[in-house]
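Since the structure comes first, as structure tokens, the remarks are kept for the end.
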Amino acid sequence: MKFHESPAPSIRNLDRASTMLVLPLAACEQHGPHMPTGTDSIICEAVAEAVESKLTEEMLLLPTLWLGASHHHLPWQATMTADLATYETLICEILEPLLKNGFRRVLLLNGHGGNIDPMRVALRRLQPVYPEVLLTAGSYWSSAEKELAACMEGEIKTLGHACEAETSLMLHLRPELVQSELAAKMPNLSGYLPDDSDGLMICRDMAQRTENGATGRPDLATAEKGAKMFAVIVKRVTEVIQKYLNEPLPERKGL
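Residue 128 in our numbering sits at position 128 of the sequence shown, and the numbers go up by one each step.
As structure tokens, then:
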């Protein structure tokens, strides 16, 4: 069920303990010279809606939060962002009215790497107040990492930014928004600096990590790859939600 397309009585009548509340998190930011700024929102929302179509009775899909934590993209301009504290609070305040109404299962379905830290902190903030709620969060690509890697030709086998994977997904979902001729001319961007090295998190903005705001091999992207990636992502996210619909609700042990 889609929250914003449903009347209030239908939402009020849902079984709170057996419904998965899903909030897609995305961003509106630069995606190199060849991709639209709404890439993360377009992909994440498409995944969420495809999963909802398979789990209509078990899932309550909230509207996609298009604003992300994107300060690290600001040097490239064409980026909108909330600061980290604001973003954490925004997630909490979107969820709290529904938690107060009794919903017991939550998934933050993320579509932007910069949201990972604040979404986890948001759940840490909520958990002491709602210890009886199963609070979960993950990026749409995380549960399908092996399958996505098998689809990629470039040396980097993980989903990055305006990369082979994201560009392929957009060529599948919204090809008219991708400037394929620019992607084809882009150099090999596989040498971008990683976030993690030697067991450390190294904090850099995207202008320090890559020379044109993209990563990986967008020149290798195809719509056919995107269709395969999208299908496996939807399959895996659906399976994960089904698993956690059957997960026992939290209870404190030994008290």
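Every residue gets a Cβ at the ideal spot worked out from N, C-alpha and C, and that includes glycine.
Per-residue burial, Asp83 [other beta carbons within 10 Å of its own, 16 or more giving buried]: By one-based count along the sequence shown, residue 83 stands at place 83. Asp83 is classed as exposed because its beta carbon has fewer than 16 other beta carbons within 10 Å across all chains shown.
Anticipated Cβ contact below 8 Å, Leu173 with Ile43, distance rounded: Counted from its first residue, the sequence shown places residue 173 at position 173. Counted from its first residue, the sequence shown places residue 43 at position 43. About 7 Å; that satisfies the 8 Å criterion.
Beta-carbon proximity check, Arg16 vs Arg120, cutoff 8 Å: Sequence index remark: in the sequence shown, residue 16 carries index 16 (1-based). Sequence index remark: in the sequence shown, residue 120 carries index 120 (1-based). Cβ distance not < 8 Å, so Arg16 and Arg120 don't count as in contact.
Local conformation of Thr89 per DSSP, three classes: One-based indexing of the sequence shown puts residue 89 at position 89. Note: Thr89 maps to helix in three-state DSSP.
Reference Glu166; option with closest CA among Leu148, Met1, Glu181, Tyr244: Counting from one through the sequence shown, the residue named residue 166 turns up at place 166. Considering only alpha carbons, the answer is Leu148.
8 Å Cβ cutoff met for His34 and Ala162: Residue 34 sits at position 34 when you count from the first residue of the sequence shown. Residue 162 sits at position 162 when you count from the first residue of the sequence shown. Cβ distance < 8 Å, so His34 and Ala162 count as in contact.
DSSP state of Asn101 mapped onto helix, strand, coil: The residue you call residue 101 lines up with position 101 of the sequence shown. Correct three-state label for Asn101: coil.
Check whether Leu169 and Met206 have beta carbons under 8 Å apart: Walking along the sequence shown from the start, residue 169 turns up at place 169. Walking along the sequence shown from the start, residue 206 turns up at place 206. In terms of Cβ geometry, Leu169 and Met206 do not form a close pair [threshold 8 Å].
Residue interval of the alpha helix (DSSP H) (run including Ser18): Sequence index remark: in the sequence shown, residue 18 carries index 18 (1-based). Annotation: Ser18 is outside any alpha helix (DSSP H) and is labelled neither H nor E by DSSP.
Nearest-angstrom beta carbon gap, Leu171 and Ala223 [assumed within contact, 8 Å]: Numbered from its first residue, the sequence shown carries residue 223 at position 223. Numbered from its first residue, the sequence shown carries residue 171 at position 171. Confirmed, Cβ separation roughly 4 Å.
Selection from Lys146, Val106, Gly68, Lys157 that minimises the alpha carbon distance to Gly113: Counting from one through the sequence shown, the residue named residue 113 turns up at place 113. Taking only the C-alpha atoms, the option nearest Gly113 is Gly68.
The stretch 137-154 contacting the stretch 237-244, beta-carbon criterion three pairs below 8 Å: yes
Whole runs of the alpha helix (DSSP H) within the stretch 17-72, excluding any shorter than 4 residues: 39-54
Cα-Cα separation between Leu99 and Asn115, rounded to whole angstroms: Taking the sequence shown and counting its residues from 1, the one referred to as residue 99 is at position 99. Taking the sequence shown and counting its residues from 1, the one referred to as residue 115 is at position 115. Approximately 21 Å, taken between the alpha carbons.
contact_flag[the stretch 3-10, the stretch 123-139] where n(CB pairs < 8 Å) is 3 or more: Using a C-beta cut-off of 8 Å, the stretch 3-10 makes no contact with the stretch 123-139, since fewer than three inter-stretch Cβ pairs fall below that distance.
Where Val129 falls, given that 16 or more other Cβ within 10 Å makes a residue buried: Stepping through the sequence shown from its first residue, residue 129 is reached at position 129. Per the 10 Å Cβ criterion, exposed.
Outcome for Cys203 when other beta-carbon atoms lying within 10 angstroms are tallied against a minimum of 16: Taking the first residue of the sequence shown as 1, we reach residue 203 at position 203. Its Cβ having fewer than 16 others within 10 Å, Cys203 is exposed.
Nearest residue (CA-CA) to Lys253, options Asn212, Lys157, Glu132: The sequence position of residue 253 within the sequence shown is 253, counting from 1. Per the Cα distances, Glu132.
CA-to-CA distance, Met1 to Leu55, given in whole angstroms: Position 55 of the sequence shown, counting from 1, holds the residue named residue 55. Position 1 of the sequence shown, counting from 1, holds the residue named residue 1. Between Leu55 and Met1, the C-alpha separation is close to 8 Å.
DSSP three-state assignment for Leu245, whether helix, strand or coil: The residue you call residue 245 lines up with position 245 of the sequence shown. Here Leu245 carries a helix assignment [DSSP, helix/strand/coil].
Residue span of the beta strand (DSSP E) that contains Leu135, given as start and end: Locating residue 135 in the sequence shown gives position 135, counting from the first residue. First-last of the beta strand (DSSP E) with Leu135: 134-139.
Nearest-angstrom Cα separation, counted from Glu176 out to Asn13: As a position in the sequence shown, residue 13 is number 13, starting the count at 1. As a position in the sequence shown, residue 176 is number 176, starting the count at 1. For Asn13 and Glu176, the distance between alpha carbons rounds to 41 Å.
Start-to-end residues for the alpha helix (DSSP H) that takes in Arg125: Counting from one through the sequence shown, the residue named residue 125 turns up at place 125. From DSSP, the alpha helix (DSSP H) with Arg125 extends over 116-126.
Close Cβ partners of Leu23 (< 6 Å) along its chain, the five nearest in sequence each way excluded: If you number the sequence shown from 1, residue 23 lands on position 23. The residues are Leu62, Leu108.
Chain-order list of residues whose beta-carbon lies under 8 Å from that of Leu189 (same chain, five-residue window excluded): Indexing the sequence shown from 1 puts residue 189 at position 189. Answer for Leu189: Cys163, Thr210, Glu211, Asn212, Ala214, Thr215, Gly216, Arg217, Pro218, listed in chain order.
Beta carbon of Val47 nearer than 8 Å to that of Val234: As a working note, residue 47 is residue 47 in the sequence shown. As a working note, residue 234 is residue 234 in the sequence shown. Result yes, Cβ atoms of Val47 and Val234 sit closer than 8 Å.
For Lys2: DSSP bridge partner residues: Position 2 of the sequence shown, counting from 1, holds the residue named residue 2. Partner(s): Leu61.
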